[in-house]
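Take a look at the structure below.
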Amino acid sequence: MPHSDVRLGVVGTGYVGLTTGACFAHLGYRVVCGDIDQRKVDLLNDGLIPIVEDGLAEVVEAARESGMLEFVFGSQAAARDADIVFLCVPTPQGEDGSADLSYIEQAAREIAPILRPGAVVVNKSTVPVGSTIAVERVLGRPDVSVVSNPEFLREGTAVGDFLSPERVVIGAANPEAAQRVAALYSTIDTKIITTDPASAETIKYAANGFLAMKISFVNAVAAMCEHVGADVAAVVDGIGSDTRIGSRFLSPGPGWGGSCFPKDSRALVKIADDHGYDFSLMRGVISVNDEQRHRMVDKIARAVGRHPSDLSGVKVAALGLTFKAGTDDLRESPALRVVADLRTAGATVAGYDPTTVGELSPIQEATLADTVVCQNVDDAVDGADVVCIFTEWPEFTDIDLERLAVRVGAGTTVVDTRNLLEPVQVKAVGLRYDGVGRR
Ligand code: NAD
């Protein structure tokens, strides 16, 4: 079947759904994306992109102009005429650490009565083992197959990751349905791994768990470096050169966060637990990550000669609020977790992030309700007792150190949680420096 004859529906137009819909339209499929957030749908129909994602605006615009991509309100309007429907709705953390499947189940309930006979429903959301069967049950449509096709894109490089993936994973009980989903990726040069649904669902959690483990590992090594007087940059160079280890995901920092690793690592522990396996390694990975946040608070307290539990009267400049550079996503941002701890200890915090300049989106407003958000670095650092860099935005790597020193005064400490700056250069302008695991 030529591409343009295959109609795709995408339910949920967030980071994953919008990228999925736009990229499939770019590949030549007819795509209708639906969302229950009317504001998002309106923005998209006005040619605006509700998220910060490099290159996405261009792909969306070209696909809309060619008539291959449409945005509609609701899941039914997206799924009604589709041969294949992708579920890209949230799977947030439930109260007991498990993934909350209510959005997936709700979306399945909504589309069940209007799906075309013989349609395929694809779980692209990250869902626990057994969810493919759970969606089948909710749909109650024996003529409709459900396939697991977890997404591995990274925010900040989502378009490139989607169009040039390192692998595509498809889990299906029905080989014909698996083949129909695999065919969607046929013009992409990549490895397609076809397996059963439980394995596909496990692959996604195992991948995120492993990456979180690498970061927790290097953060623990960085802590050890500080104790033994070693330099983490040299250590990472030394271990990362070993191809069995690899150098990626070995950058020390304030801890991992974002919309995926925190909830997925906890869900992995819970899934294992529910099936009678105590995933103690993963529990350790999570607890090292929690420690890392406290270590950042300790560094800030040390910089001003105070105890971490009493920072009353201390003003902290927080440079970077998103969970990493290249995205506007504030979900489970390590910066915000540290900021919350600082506030609890009595500090006042002035934050700045390149994605929070100008009018805030409703989500940013709600998430940052307790934070003073400044429009530029200068305003955030003015009068600060300590400057803390949380994310690796180029604006912070290239910060004008002389200007910074003039604004905060000589002797002020820069706590560089991403090891972006050269300590020698920071000290040369009269500032003090504390990185992570650096001598
Ligand atoms: P998101 O919150 O950015 O977007 C989800 C969208 O779904 C929202 O716009 C919401 O309004 C919409 N929605 C909810 N219920 C709906 C319904 N019934 N009908 C239509 N729309 C509905 O979430 P996201 O970051 O895109 O993540 C989606 C899933 O993909 C999650 O399971 C996540 O774990 C997984 N995932 C995310 C990433 C990432 O980097 N963000 C990467 C890989 C996998």
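Sequential numbering from 18 applies to the sequence shown in this note's numbering.
In this text, a Cβ means the ideal position worked out from N, Cα and C, and glycines have one as well.
A quick note: this is a predicted structure, and the numbers were derived from the prediction, not measured.
| request: Reducing DSSP to helix, strand and coil, say where L338 ends up. | output: Here the question's residue 338 lines up with position 321 in the sequence shown. Looking at L338 - three-state DSSP - the assignment turns out to be coil, as it is neither helix nor strand.
| said: Just to confirm before moving on: does the CB-CB distance between V366 and V389 stay below 8 angstroms? | reply: For the purposes of this step, residue 366 is identified with residue 349 of the sequence shown, where counting begins at 1. For the purposes of this step, residue 389 is identified with residue 372 of the sequence shown, where counting begins at 1. Contact flag set, yes.
| said: At a cut-off of 7 angstroms, would you count V28 as near the ligand NAD, judging by its Cβ distance to the nearest heavy atom? | reply: Here residue 28 corresponds to residue number 11 of the sequence shown, with the count starting at 1. Because some heavy atom of the ligand NAD lies under 7 angstroms away, the Cβ of V28 counts as near it: yes.
| task | Tell whether a beta-carbon distance below 8 angstroms holds between G188 and E218. | result | Along the sequence shown, one-based indexing puts residue 188 at 171. Along the sequence shown, one-based indexing puts residue 218 at 201. Going by C-beta atoms, G188 is nearer than 8 angstroms to E218.
| Going by other Cβ atoms of all chains shown within 10 Å of its Cβ, with 16 needed for buried, is R283 buried or exposed? | Stepping through the sequence shown from its first residue, residue 283 is reached at position 266. R283 comes out buried.
| query | DSSP on T211, reduced to helix/strand/coil? | reply | Taking the sequence shown and counting its residues from 1, one reaches residue 211 at position 194. T211 falls in the strand class under three-state DSSP.
| Cβ atoms of A95 and V49: under 8 angstroms apart, would you say? | Residue mapping note: residue 49 aligns to position 32 of the sequence shown, counting from 1. Residue mapping note: residue 95 aligns to position 78 of the sequence shown, counting from 1. It is a contact, given that the beta carbons lie within the stated cut-off.
| task | Would you mind working out which of A364, V106, F340, D100 sits nearest V321, comparing C-alpha positions? | result | Looking up residue 321 in the sequence shown gives position 304. Considering only alpha carbons, the answer is A364.
| Can you name the residues that DSSP bridges to G29? | Residue numbering aside, residue 29 sits at position 12 when the sequence shown is read from its first letter. None; G29 has no bridge partner.
| Considering only the beta carbon of each residue, do T36 and F169 sit closer than 8 angstroms? | Taking the first residue of the sequence shown as position 1, residue 36 is located at position 19. Taking the first residue of the sequence shown as position 1, residue 169 is located at position 152. Contact: no.
| Any non-hydrogen atom of the ligand NAD closer than 7 angstroms to C40 Cβ | The count along the sequence shown starts at 1 and reaches residue 40 at position 23. Result no, Cβ not under 7 angstroms from the ligand NAD.
| said: What does the alpha-carbon distance come out to for the pair V403 and T384? | reply: Position 386 of the sequence shown, counting from 1, holds the residue named residue 403. Position 367 of the sequence shown, counting from 1, holds the residue named residue 384. Cα to Cα, V403 sits roughly 23 angstroms from T384.
| request: Excluding the 5 residues preceding and the 5 following K208 in the sequence, name in chain order all residues of the same chain whose CB lies nearer than 6 angstroms to its CB. | output: Along the sequence shown, read from residue 1 onward, the residue named residue 208 stands at position 191. So the list reads R184, once near-sequence residues are dropped.
| Taking the C-alpha atoms as reference points, what is the distance between T211 and I288? | In the sequence shown, counting from the first residue as 1, residue 211 sits at position 194. In the sequence shown, counting from the first residue as 1, residue 288 sits at position 271. T211 and I288 have their C-alpha atoms spaced approximately 22 angstroms apart.
| said: Which residues does DSSP list as the beta-bridge partners of N140? | reply: Locating residue 140 in the sequence shown gives position 123, counting from the first residue. L104, S165.
| Is A250 closer than 8 angstroms to A334 when the C-beta atoms are compared? | Against the sequence shown, residue 334 aligns to sequence position 317. Against the sequence shown, residue 250 aligns to sequence position 233. It is not a contact, given that the beta carbons lie outside the stated cut-off.
| Which stretch, first to last residue, makes up the beta strand (DSSP E) that contains R47? | The sequence position of residue 47 within the sequence shown is 30, counting from 1. Start and end: 47-52.
| message | Closer than 8 angstroms is the cut-off here; do at least three beta carbon pairs connect the segment 57-74 with the segment 100-109? | response | no
| task | Report the residue ranges of all beta strand (DSSP E) runs contained in full by the segment 377-446; include only those spanning at least 3 residues, in chain order. | result | Correct list: 403-406, 430-433.
| request: Look at the Cβ atom of V331, then the Cβ atom of R323, and state whether they are nearer than 8 angstroms. | output: Reading the sequence shown from its first residue, position 314 is the one you call residue 331. Reading the sequence shown from its first residue, position 306 is the one you call residue 323. The answer is yes: Cβ separation under 8 angstroms.
| query | F88 bridges to which residues according to DSSP? | reply | Working through the sequence shown from its first residue, we reach residue 88 at position 71. DSSP output for F88 lists C50 as bridge partner(s).
| message | At the 8 angstroms Cβ level, is D370 part of the contact set with chain C, yes or no? | response | This model lacks chain C altogether, as it is built from one protein chain only.
| field | Inter-residue Cα distance where the pair is N140 and S83 | value | The sequence position of residue 140 within the sequence shown is 123, counting from 1. The sequence position of residue 83 within the sequence shown is 66, counting from 1. Approximately 27 angstroms, taken between the alpha carbons.
| said: Do G257 and R456 have their beta-carbon atoms positioned less than 8 angstroms apart in this structure? | reply: As a first step, residue 456 must be located in the sequence shown, where it is residue number 439. As a first step, residue 257 must be located in the sequence shown, where it is residue number 240. No; because the gap between Cβ atoms is not below 8 angstroms, this pair is not in contact.
| task | Pick out whichever of R300, F227, D290 has its Cα sitting closest to the Cα of R265. | result | Numbered from 1 along the sequence shown, position 248 holds the residue referred to as residue 265. The shortest Cα separation from R265 among R300, F227, D290 belongs to F227.
| said: I want to know whether the segment 338-355 touches the segment 404-417 - three or more CB-CB distances under 8 angstroms. | reply: The segment 338-355 vs the segment 404-417: in contact.
| task | Compare the C-alpha of G522 against each of S329, F413, S326 and name the closest. | result | This structure cannot speak to residue 522, because the chain is shown only from 18 to 456.
| Element boundaries [beta strand (DSSP E), containing G188] | Along the sequence shown, one-based indexing puts residue 188 at 171. It spans 184-188 - the beta strand (DSSP E) in which G188 sits, taken as one unbroken run.
| task | Flag this pair as yes or no: are the beta carbons of P271 and V355 separated by less than 8 angstroms? | result | The residue you call residue 271 lines up with position 254 of the sequence shown. The residue you call residue 355 lines up with position 338 of the sequence shown. For P271 and V355, yes; Cβs fall inside 8 angstroms.
| Rounded C-alpha distance that separates V398 from D248 | The residue given as residue 398 occupies position 381 in the sequence shown. The residue given as residue 248 occupies position 231 in the sequence shown. Distance between V398 and D248, taken at the CA atoms: about 28 angstroms.
| In three-state terms, what does DSSP make of T174? | Counting from one through the sequence shown, the residue named residue 174 turns up at place 157. The answer is coil: DSSP assigns T174 none of H, G, I, E or B.
| message | If I measure Cβ to Cβ from L421 and keep anything under 8 angstroms in the same chain, skipping five residues before and after, which residues do I get? | response | To locate residue 421, count along the sequence shown from 1; it is residue 404. Result list for L421: V394, V398, V404, V431, V446, L448, in chain order.
| Neighbourhood of I303 by C-beta, 6 angstroms cutoff - its chain only, sequence neighbours within 5 removed | Position 286 of the sequence shown, counted from the start, is the residue given in the question as residue 303. Excluding residues within five positions, the ones whose Cβ falls inside 6 angstroms are S282.
| request: For R56, count neighbouring C-beta atoms within 10 Å of its own C-beta (all shown protein chains included) and say buried if the count is 16 or more, exposed if not. | output: Counting from one through the sequence shown, the residue named residue 56 turns up at place 39. Residue environment for R56: exposed (fewer than 16 other C-beta atoms within 10 angstroms of its C-beta).
| message | Here's the rule: buried if 16 or more other CB atoms are within 10 angstroms of the residue's CB, otherwise exposed. What is Q196? | response | Counted from its first residue, the sequence shown places residue 196 at position 179. Q196 comes out exposed.
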